[in-house]
Ligand SMILES: Cc1ncc(COP(=O)(O)O)c(C=O)c1O
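Numbering (the working numbering), first residue to last: 17 to 472.
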């Protein structure tokens, strides 16, 4: 009860702030998307009205969703209708600072004018042709990805799980290719506890969480999990088994925001080299500027044979990528893999714009500065709070580990105009804002989390 009262008092203090600024910031939905600014210029005050009940229109839509959708998602009770910069608005016009970014997808925020132009120009020129034909944006994007990475070759898919599925197939095909006389080439994989690589049957087999895997068994056999960070264990497993590839996230996202060490990744590189196994970096969540490096592995100067990407690359359109070396690509022949939609001109033109905007020294160094500022703010404001065990992360992927489930905090933050995610076993707050977020918005985020946490 006391706990509810203090939450209410926080909510009312934020409400006072919101009421005074409400008229200024709640614009009708007709603002032209192409005229919106990214959010680091004069951010508007947050105007969350936490007292507002869920409106009949929102309730009706949520009910309709329940009646038509397969129940795979435990959704948050908010119907989001539009977004500008780092803010999103629900059906009732309530404003939220978006520290979730569609799960680390909207790196340029919502409605970035260059991204909107790339999408609309390409949509009115040529949206889709299939991979039966060549198309200009696909080749241009592949060239750019190769220019700015370790890779020599690119394969496009539509999502992170599909990129990993392709990497699984490429790894096995590579092993067949280099063991032409063997009837039993290496087909097994090593992955790590707390990993998340996706939900298709191959990628799921590499994902450690038991509750995701168990209902669908038998899934792909031949995967062994090791402790994240333990090179000696991987070295032993690789000797005991016939391993095609080791899959690792240089920074585990879903697993709870755990960064690798240089020693760990260097160790994996040499274990794989010695055994002839491939090293696959899954940068679906941590890649493309999120850590302040274009690729998360650049922080360690350790390079993989295959890297998978997805989430932020096309600014909210579905894309996945496998980047690899000529050595691996030479094992792949026409018909070995493919996709109808993957790498279509619309998605690739959007992705070219996102990649070009993120891949500049000043953009990336800003991500580092903002990430450090956010961690400093959180550490300062939450100092002494007994629920906070650790604040960690790199760049703008930040985790706050609690000694309790984070769900109640997430709800309180949402009611106060802040969207955040959880990770790990539900006890880690995950902050993955648009990379264009402003310092003022980060301050708002830290204030709301601190105040809501104080009320738990
Ligand atoms: C590291 C990692 N790999 C793969 C995936 C799966 O990506 P998708 O949801 O696009 O299939 C995710 C999704 O969260 C991820 O974080």
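All residues carry an ideal CB built from backbone N, CA and C; glycine is no exception. Nothing here was measured: the structure is a model prediction, and the numbers come from that model.
Throw me the rounded Cβ distance for the residue 266 and residue 276 pair, which I believe falls under 8 Å. In the chain shown, the residue the question calls residue 266 occupies position 250. In the chain shown, the residue the question calls residue 276 occupies position 260. Going by Cβ atoms, the distance from residue 266 to residue 276 rounds to 5 Å, so yes, they are a contact pair.
On a CA-only basis, which of 110, 175 and 187 is nearest residue 203? Give me that one, please. Counted from its first residue, the chain shown places residue 203 at position 187. Nearest of 110, 175 and 187 to residue 203, Cα basis: 187.
So the candidates are 116, 237, 90 and 107; which of them puts its Cα closest to the Cα of residue 101? For the purposes of this step, residue 101 is taken as residue 85 along the chain shown, with counting starting at 1. Distance check between residue 101 and each of 116, 237, 90 and 107 places 116 closest, using alpha-carbon atoms only.
So the candidates are 302, 297 and 371; which of them puts its Cα closest to the Cα of residue 319? By one-based count along the chain shown, residue 319 stands at place 303. It is 297.
Which listed residue (442, 470, 434 and 440) has its alpha carbon closest to that of residue 459: Taking the chain shown and counting its residues from 1, the one referred to as residue 459 is at position 443. Minimum Cα distance to residue 459 is reached at 434.
Look up residue 48 in the DSSP assignment and say whether it is helix, strand or coil. The residue given as residue 48 occupies position 32 in the chain shown. Caution is warranted here: a pLDDT of 34 is assigned to residue 48, below 50, making its placement in the model unreliable, and the coordinate value is therefore given only provisionally. Of the three classes helix, strand and coil, the one that applies to residue 48 here is coil, per DSSP.
Over what stretch of residues does the beta strand (DSSP E) that includes residue 139 continue unbroken? If you number the chain shown from 1, residue 139 lands on position 123. Per DSSP, residue 139 belongs to no beta strand (DSSP E); it is in the alpha helix (DSSP H), 129 to 139.
Count the other C-beta atoms from every protein chain shown that fall within 10 angstroms of the C-beta of residue 274, then say buried if there are 16 or more, exposed otherwise. Position 258 of the chain shown, counted from the first residue, corresponds to residue 274. Result: buried.
Taking only three categories from DSSP, how would you classify residue 254? Reading the chain shown from its first residue, position 238 is the one you call residue 254. It is helical.
Tell me, to the nearest whole angstrom, how far the beta carbon of residue 205 is from that of residue 259; I am working on the premise that it is less than 8 Å. Numbered from 1 along the chain shown, position 189 holds the residue referred to as residue 205. Numbered from 1 along the chain shown, position 243 holds the residue referred to as residue 259. Their Cβ separation, rounded to whole angstroms, is 7 Å, which keeps residue 205 and residue 259 in contact under 8 Å.
Tell me whether residue 79 is buried or exposed, calling it buried when 16 or more other Cβ atoms sit within 10 Å of its Cβ. As a working note, residue 79 is residue 63 in the chain shown. Residue environment analysis places residue 79 among the exposed positions, since fewer than 16 neighbouring C-beta atoms fall within 10 angstroms of its C-beta.
What do you reckon, are the CB atoms on residue 262 and residue 284 nearer than 7 Å? Residue mapping note: residue 262 aligns to position 246 of the chain shown, counting from 1. Residue mapping note: residue 284 aligns to position 268 of the chain shown, counting from 1. Judged by beta-carbon spacing, residue 284 lies within the 7 Å limit of residue 262, meaning their Cβ atoms are closer than that value.
Would you check if there are 3 or more beta carbon pairs closer than 8 Å linking the region 358 to 376 to the region 426 to 440? They do not touch, by the three-pair rule.
Own chain partners of residue 146 with C-beta closer than 7 Å, once the 5 adjacent residues on each side are dropped: Reading the chain shown from its first residue, position 130 is the one you call residue 146. So the qualifying residues of the chain are 356.
Go ahead and label residue 6 buried or exposed: buried means 16 or more other beta carbons lie within 10 angstroms of its beta carbon, across all protein chains shown. This structure gives no information on residue 6, because the portion of the chain shown stretches from 17 to 472.
Residue interval of the beta strand (DSSP E) (run including residue 479): No statement about residue 479 is possible, as the shown extent of the chain runs from 17 to 472 and does not include it.
Are the Cβ atoms of residue 303 and residue 280 separated by less than 7 Å? Here residue 303 is taken as the residue at index 287 of the chain shown, counted from 1. Here residue 280 is taken as the residue at index 264 of the chain shown, counted from 1. Taking 7 Å as the Cβ cut-off, residue 303 and residue 280 do not qualify as a contacting pair.
For a test of the three-state rule: what should DSSP assign to residue 445, helix, strand or coil? On the chain shown, residue 445 is found 429 positions in, with the first residue counted as 1. Here residue 445 carries a strand assignment [DSSP, helix/strand/coil].
CA nearest to the CA of residue 415, picked from 225, 257 and 446: Taking the first residue of the chain shown as 1, we reach residue 415 at position 399. Considering only alpha carbons, the answer is 446.
Any heavy atom of ligand 1 closer than 6 Å to the beta-carbon of residue 213? One-based indexing of the chain shown puts residue 213 at position 197. Checking every heavy atom of ligand 1 against the Cβ of residue 213, one is found closer than 6 Å.
Run through DSSP, which three-state label would residue 357 get? For the purposes of this step, residue 357 is taken as residue 341 along the chain shown, with counting starting at 1. In the structure shown, residue 357 sits in coil (DSSP, three-state: anything other than H, G, I, E or B).
Would you call the region 157 to 170 in contact with the region 341 to 360, where contact means no fewer than 3 C-beta pairs closer than 8 Å? Under the 8 Å Cβ criterion, the region 157 to 170 counts as touching the region 341 to 360, having at least three qualifying pairs.
Just to check my reading of the structure: residue 165 and residue 282 have Cβ atoms closer than 8 Å, yes? What is that Cβ distance to the nearest angstrom? Counting from one through the chain shown, the residue named residue 165 turns up at place 149. Counting from one through the chain shown, the residue named residue 282 turns up at place 266. Distance from residue 165 to residue 282 at the Cβ level is roughly 19 Å; contact not present, criterion being Cβ atoms closer than 8 Å.
Could you check whether the Cβ of residue 298 sits closer than 6 Å to any heavy atom belonging to ligand 1? Within the chain shown, residue 298 is the residue found at index 282, counting from 1. For ligand 1, at least one heavy atom lies less than 6 Å from the Cβ of residue 298.
Quick check on DSSP: helix, strand or coil for residue 405? To locate residue 405, count along the chain shown from 1; it is residue 389. Strand, per DSSP.
Please classify residue 369: is it buried, with 16 or more other beta-carbons within 10 angstroms of its beta-carbon, or exposed? For the purposes of this step, residue 369 is taken as the residue at position 353 of the chain shown. That one is buried.
Pair within 7 Å by beta-carbon distance, residue 123 and residue 450: For the purposes of this step, residue 123 is taken as residue 107 along the chain shown, with counting starting at 1. For the purposes of this step, residue 450 is taken as residue 434 along the chain shown, with counting starting at 1. Between residue 123 and residue 450, the C-beta spacing is below 7 Å.
Identify the continuous beta strand (DSSP E) that holds residue 335 and give its terminal residues. Position 319 of the chain shown, counted from the start, is the residue given in the question as residue 335. For residue 335, there is no enclosing beta strand (DSSP E), as DSSP marks it with neither H nor E.
Where DSSP assigns a beta bridge to residue 323, which residues make up the other side? Here residue 323 refers to the residue found at position 307 of the chain shown. Looking at the DSSP output, residue 323 shares a beta bridge with 297 and 339.
Would you tell me roughly how many angstroms separate the C-alpha atoms of residue 160 and residue 112, rounded to the nearest one? One-based indexing of the chain shown puts residue 160 at position 144. One-based indexing of the chain shown puts residue 112 at position 96. Residue 112 has its alpha-carbon roughly 34 Å from the corresponding atom of residue 160.
C-beta contact flag for residue 328 and residue 175 at 7 Å: Residue numbering aside, residue 328 sits at position 312 when the chain shown is read from its first letter. Residue numbering aside, residue 175 sits at position 159 when the chain shown is read from its first letter. No, they are not a contact pair.
For ligand 1, any of its heavy atoms closer than 6 Å to the Cβ of residue 485? Shown here, the chain extends from 17 to 472; a query on residue 485 therefore has no answer.
Can you say whether residue 197 is buried or exposed, counting buried as having 16 or more other CB atoms within 10 angstroms of its CB? Your numbering for residue 197 matches position 181 in the chain shown. With fewer than 16 Cβ atoms within 10 Å of its Cβ, residue 197 is classed as exposed.
Could you check where the alpha helix (DSSP H) with residue 156 kicks off and where it finishes? Within the chain shown, numbered from 1, the residue matching residue 156 stands at position 140. Start and end: 152 to 163.
Please indicate yes or no: does the CB of residue 177 lie closer than 6 Å to some heavy atom of ligand 1? On the chain shown, position 161 is the one that residue 177 refers to. For ligand 1, at least one heavy atom lies less than 6 Å from the Cβ of residue 177.
Per DSSP, what kind of secondary structure is residue 206 in: helix, strand or coil? Start at 1 with the first residue of the chain shown, and residue 206 comes out as number 190. It is a strand residue.
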